[in-house]
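Student:
Protein chains: 2
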Amino acid sequence: MFNEDYLRYKELVERHLTDFLPEIDQQSATLYDAMKYSLTSGGKRIRPVLLLAACEFCGCDINQALPYAAAVEYIHTYSLIHDDLPSMDDDEMRRGKPTNHMVFGEDMAILAGDGLLSSAFEAMMKDMLLYFDNPDRLKCRVRAAYEIAKGAGCKGMVAGQVADIESQGKHCAREYIEYIHLNKTAALIVSSVKAGAYLACGEQDRLKALASYGEAIGLGFQIADDLLDIYGDSAAMGKSTGKDDAHKKCTFPAIYGAEESRQRLTDLTNKAIELMEPFYDEGEFFVTIAKRLAERNK
Amino acid sequence: MFNEDYLRYKELVERHLTDFLPEIDQQSATLYDAMKYSLTSGGKRIRPVLLLAACEFCGCDINQALPYAAAVEYIHTYSLIHDDLPSMDDDEMRRGKPTNHMVFGEDMAILAGDGLLSSAFEAMMKDMLLYFDNPDRLKCRVRAAYEIAKGAGCKGMVAGQVADIESQGKHCAREYIEYIHLNKTAALIVSSVKAGAYLACGEQDRLKALASYGEAIGLGFQIADDLLDIYGDSAAMGKSTGKDDAHKKCTFPAIYGAEESRQRLTDLTNKAIELMEPFYDEGEFFVTIAKRLAERNK
Numbered sequence: 003m004f005n006e007d008y009l010r011y012k013e014l015v016e017r018h019l020t021d022f023l024p025e026i027d028q029q030s031a032t033l034y035d036a037m038k039y040s041l042t043s044g045g046k047r048i049r050p051v052l053l054l055a056a057c058e059f060c061g062c063d064i065n066q067a068l069p070y071a072a073a074v075e076y077i078h079t080y081s082l083i084h085d086d087l088p089s090m091d092d093d094e095m096r097r098g099k100p101t102n103h104m105v106f107g108e109d110m111a112i113l114a115g116d117g118l119l120s121s122a123f124e125a126m127m128k129d130m131l132l133y134f135d136n137p138d139r140l141k142c143r144v145r146a147a148y149e150i151a152k153g154a155g156c157k158g159m160v161a162g163q164v165a166d167i168e169s170q171g172k173h174c175a176r177e178y179i180e181y182i183h184l185n186k187t188a189a190l191i192v193s194s195v196k197a198g199a200y201l202a203c204g205e206q207d208r209l210k211a212l213a214s215y216g217e218a219i220g221l222g223f224q225i226a227d228d229l230l231d232i233y234g235d236s237a238a239m240g241k242s243t244g245k246d247d248a249h250k251k252c253t254f255p256a257i258y259g260a261e262e263s264r265q266r267l268t269d270l271t272n273k274a275i276e277l278m279e280p281f282y283d284e285g286e287f288f289v290t291i292a293k294r295l296a297e298r299n300k
Numbered sequence: 003m004f005n006e007d008y009l010r011y012k013e014l015v016e017r018h019l020t021d022f023l024p025e026i027d028q029q030s031a032t033l034y035d036a037m038k039y040s041l042t043s044g045g046k047r048i049r050p051v052l053l054l055a056a057c058e059f060c061g062c063d064i065n066q067a068l069p070y071a072a073a074v075e076y077i078h079t080y081s082l083i084h085d086d087l088p089s090m091d092d093d094e095m096r097r098g099k100p101t102n103h104m105v106f107g108e109d110m111a112i113l114a115g116d117g118l119l120s121s122a123f124e125a126m127m128k129d130m131l132l133y134f135d136n137p138d139r140l141k142c143r144v145r146a147a148y149e150i151a152k153g154a155g156c157k158g159m160v161a162g163q164v165a166d167i168e169s170q171g172k173h174c175a176r177e178y179i180e181y182i183h184l185n186k187t188a189a190l191i192v193s194s195v196k197a198g199a200y201l202a203c204g205e206q207d208r209l210k211a212l213a214s215y216g217e218a219i220g221l222g223f224q225i226a227d228d229l230l231d232i233y234g235d236s237a238a239m240g241k242s243t244g245k246d247d248a249h250k251k252c253t254f255p256a257i258y259g260a261e262e263s264r265q266r267l268t269d270l271t272n273k274a275i276e277l278m279e280p281f282y283d284e285g286e287f288f289v290t291i292a293k294r295l296a297e298r299n300k
């Protein structure tokens, strides 16, 4: 049941993922190739899946949420392309394939990231034009897009990335680690579930539960990621491991060790489950996602 | 009169330029420093000035246009930061000061650009929330933001930058040069004037005139820039000259020589003037801007 739902959301997103990119001119065809290369390199699609699931959970037709689902995946993909650059994490492989700059060069990779970020907002605003005869729905869509902008921006993902870079090689206080993870990873996940709820003009109690849920699994997701970087199988993951240690990154396991990190991951997973259990069957998808994210091996 | 108006717009923009950035956390303070460094490094502020002037020309209070004026300057500034990077134009000086990556490092410069682009959209969408009780005005604002997104994105500025890079070292057809210039420079200028008109929910004839005007001066602006790169005084301009030739860039003067380029600049200026003359006194500011851009020496 869970797998079926996950696949239904994921396949819908993937089928329409490039639909919301502007129609690129032939003179800048390389831009499209570079954006598409990273967009179609696989991945769990967790953010758009959560957005669609939240939208459906709040009672809205998920087809109407597709431009926003694509937008969060564009934003996530741009962040990976820029993170992988030589002056950032300097990664050569991602999802089992050479990273964007290894294929298209550093200049084109920077522009592919810029293009994806711009396209995310362009897609959402183009969608808003379709709701000009329905001001109530229009407002819900503006709220959703604003939520995504906040999660992506300087009080969200970009802030987390800055703090992540600045923490390298330093001893970090627990608060600082939490800040990095909450922003670098959780922020856009929180935005995705909140945006899904907003698109459905969802009820306050569902919105609140989803927001806290998103934060818990977002933080848990990053702890699991950090643990995998140390103990994971690089072949299964399709990228090199041990990079955090090499960069002397400020991660949970690096500072607190594996055991405490695993305990924190368990606590966060339990918190996420508790938040969605009051919704019984309707919350089941989210409960299962929380469990699976904690158990994942890639 | 012209100078007074220009200064009035410019000072208003500069006084409020950082007001629409999200309040950055102390943990990511460097991000704010890096963004502010480039934002406050001077410049003509031509895009926000044109946005405000277009807004006023269409009969709206320019104070209500400030988040959008700031947004186009954030987008322009992000594009300069990314363009200056070692893997792009590799520029060390900009407006008489070291470029962003020379001061903050390449990683932080990439993130400062990403942060500014995100902040531009965040600022516009945050503003939209203020118009929820006025759906007509809200729609005008959505249109304005969409216009800016298009000008910045993969059918606008980013496309131009991609084509610019791909043209280096190749012989270009006239059409291709035009494509680069129209997108790299004119697109965001056109978006700025159109956004100003949309914000005022302006009349169609004014919007149309402004759009064609923006394209003419945008293209002219870039030709003037290319001429300055060859014949300009690098001290007066605050950046190095002769870079286009070194990069074997596909510019008007490089392909057609100075004389034909100057003629094209004159033609474009005259076209811009003709478009705004039918509005008599009200169009005077735009007429003068067109003349000044053609005559500028920095």
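Chains Y and V are the protein sequences, given in the same order. Quick note: the first sequence, position 161, residue 163 per this note's numbering, numbers continuous. Quick note: the second sequence, position 231, residue 233 per this note's numbering, numbers continuous. Every residue gets a Cβ at the ideal spot worked out from N, C-alpha and C, and that includes glycine. Here the structure is a predicted model, which means the values were calculated and not measured.
(1) Alpha helix (DSSP H) containing V:A211: first to last residue?
(2) Taking a cut of 9 Å between CB atoms, which residues from the stretch 76–89 of chain Y lie near chain V?
(3) How would you list, in chain order, the residues of chain V whose beta-carbon sits under 8 Å from the beta-carbon of Y:L119?
(4) V:L82: buried (16+ other C-beta within 10 angstroms of its C-beta) or exposed?
(5) Alpha carbons only, please: which of Y:M127, Y:G162, Y:A151 and Y:S263 is nearest the one belonging to V:K152?
(6) Residues of chain V with CB closer than 9 Å to the CB of Y:F288, please, in chain order.
(7) Run through DSSP, which three-state label would Y:K99 get?
(8) For the stretch 15–39 of chain V, enumerate the residues whose C-beta is nearer than 8 Å to any C-beta of chain Y, in chain order.
(9) Who are the neighbours of Y:L140 on chain V, taking C-beta pairs under 8 Å?
(10) Look at the alpha carbon of V:L19 and the alpha carbon of V:E13, and state the distance between them as a whole number of angstroms.
(11) Looking only at its own chain, which residues have a Cβ that is under 8 Å from the Cβ of Y:D21, when we skip the five neighbours before and after it?
(12) Hey, is Y:E25 close to the ligand MG, as in C-beta under 7 Å from one of its heavy atoms?
(13) Terminal residues of the continuous alpha helix (DSSP H) containing Y:I48?
(14) Suppose you measure from the CA of V:D7 to the CA of V:A122; what does that come to, to the nearest Å?
(15) Am I right that V:K196 and V:L184 are in contact with their C-beta atoms under 8 Å? What's the rounded C-beta distance?
(16) Identify whether V:L87 lies in helix, strand or coil by the three-state DSSP scheme.
(17) Flag Y:C156 as yes if its beta-carbon sits less than 8 Å from any beta-carbon of chain V, otherwise no.
(18) Look at the Cβ atom of V:A218, then the Cβ atom of V:L277, and state whether they are nearer than 8 Å.
(19) Between V:Q170 and V:K250, is the Cβ-Cβ spacing less than 8 Å?
(20) According to the Cβ coordinates, are V:M37 and V:G117 closer than 8 Å?
(21) Rounded to the nearest angstrom, what separates Y:C174 and Y:S89 at their Cα positions?
(22) When the cut-off is 8 Å and only beta carbons count, does Y:F223 lie next to chain V?
(23) Quick one: which chain V residues come within Cβ less than 7 Å of Y:D109?
(24) Counting only beta-carbon atoms, is Y:K152 nearer than 8 Å to chain V?
(25) Between Y:D92, Y:L201, Y:Q224 and Y:S194, which lies nearest to Y:L267 when the distance is taken from Cα to Cα?
(26) Do the stretch 278–298 of chain Y and the stretch 43–61 of chain V meet, that is, are 3 or more Cβ pairs less than 8 Å apart?
(27) Where Y:A199 and Y:I77 are concerned, what is the direct C-alpha to C-alpha distance, given to the nearest angstrom?
(28) What separation, rounded to the nearest whole angstrom, lies between the Cα atoms of Y:G158 and V:G61?
(29) Distance cutoff 8 Å, beta carbons only. Does Y:K128 sit that close to anything in chain V?
(30) Quick one, are the C-beta atoms of V:H140 and Y:L140 less than 8 Å apart?
(31) So, does the CB of Y:E124 fall closer than 8 Å to a CB anywhere in chain V?
(32) Spatial neighbours of Y:G165 within its chain, please: CB distance less than 8 Å, with the 5 preceding and 5 following residues excluded, ordered by chain position.
(33) How many angstroms separate the CA atom of V:L230 from the CA atom of Y:C142?
(34) Measure from the alpha carbon of V:M304 to the alpha carbon of each residue in Y:I150, Y:Q265, Y:D129 and Y:R145, then state which is nearest.
(35) Show which residues of chain Y have a CB atom less than 7 Å away from the CB atom of V:F134.
Tutor: Looking at the atomic coordinates:
(1) Counting along the chain, V:A211 sits inside the alpha helix (DSSP H) bounded by residues Q206 to Y233.
(2) Residues passing the 9 Å Cβ filter: I77, Y80, S81, H84, L87, P88 and S89.
(3) Those within 8 Å of Y:L119 in chain V are D116, L119 and S120.
(4) V:L82 comes out buried.
(5) Among Y:M127, Y:G162, Y:A151 and Y:S263, the Cα nearest to that of V:K152 is on Y:M127.
(6) Listed along the chain, the chain V residues whose CB falls inside 9 Å of the CB of Y:F288 amount to none; the nearest CB is some 26 Å away.
(7) Correct three-state label for Y:K99: strand.
(8) Residues passing the 8 Å Cβ filter: L23, P24, E25, I26, D27, Q29, S30, T32, L33, Y34 and M37.
(9) What Y:L140 touches in chain V: P137, L140, K141 and V144.
(10) If you take the alpha carbons of V:L19 and V:E13, they lie about 10 Å apart.
(11) Cβ neighbours of Y:D21 within its own chain (closer than 8 Å, five residues either side excluded): L68 and A72.
(12) Judged by which ligands are present, the structure shown has none, so any question about the ligand MG falls away.
(13) Element bounds for Y:I48: I48 to F59.
(14) Roughly 25 Å between the two C-alpha positions.
(15) Taking the Cβ atoms as the reference, V:K196 lies roughly 15 Å from V:L184, outside the contact range of under 8 Å.
(16) V:L87 falls in the coil class under three-state DSSP.
(17) With its beta carbon less than 8 Å from one in chain V, Y:C156 belongs to the interface.
(18) With respect to the 8 Å criterion, V:A218 and V:L277 are classified as neighbours on the basis of their beta carbons.
(19) Yes, they are a contact pair.
(20) Their beta carbons are under 8 Å apart, which means V:M37 touches V:G117 by this criterion.
(21) The alpha-carbon atoms of Y:C174 and Y:S89 are separated by roughly 22 Å.
(22) Chain V contact via Cβ: absent.
(23) Residues of chain V whose Cβ lies closer than 7 Å to the Cβ of Y:D109 are, in chain order, S89, M90 and I167.
(24) Yes, Y:K152 counts as interfacial toward chain V.
(25) The option with the nearest alpha carbon to Y:L267 is Y:Q224.
(26) Contact annotation: the stretch 278–298 of chain Y does not touch the stretch 43–61 of chain V, with fewer than three C-beta pairs closer than 8 Å.
(27) Looking at the two C-alpha atoms, the distance is approximately 19 Å.
(28) Note on geometry: alpha-carbon atoms of Y:G158 and V:G61 lie some 37 Å from one another.
(29) Between Y:K128 and chain V, the shortest Cβ-Cβ separation is below 8 Å.
(30) The sequence shown places Leu at residue 140 of chain V, rather than the His named in the question. By the CB criterion at 8 Å, V:L140 and Y:L140 fall inside the cutoff.
(31) At a cut-off of 8 Å between beta carbons, Y:E124 contacts chain V.
(32) At residue 165 of chain Y the sequence reads Ala, which differs from the Gly that was named. Close CB contacts of Y:A165 within its chain, under the 8 Å cut and outside five residues either way in sequence, are with Y178, Y181, I182, N185 and K186 (chain order).
(33) For V:L230 and Y:C142, the distance between alpha carbons rounds to 48 Å.
(34) Residue 304 of chain V lies beyond the stretch modelled for chain V, which goes from 3 to 300, so this question has no answer here.
(35) Close partners of V:F134 in chain Y (Cβ separation under 7 Å): K141.
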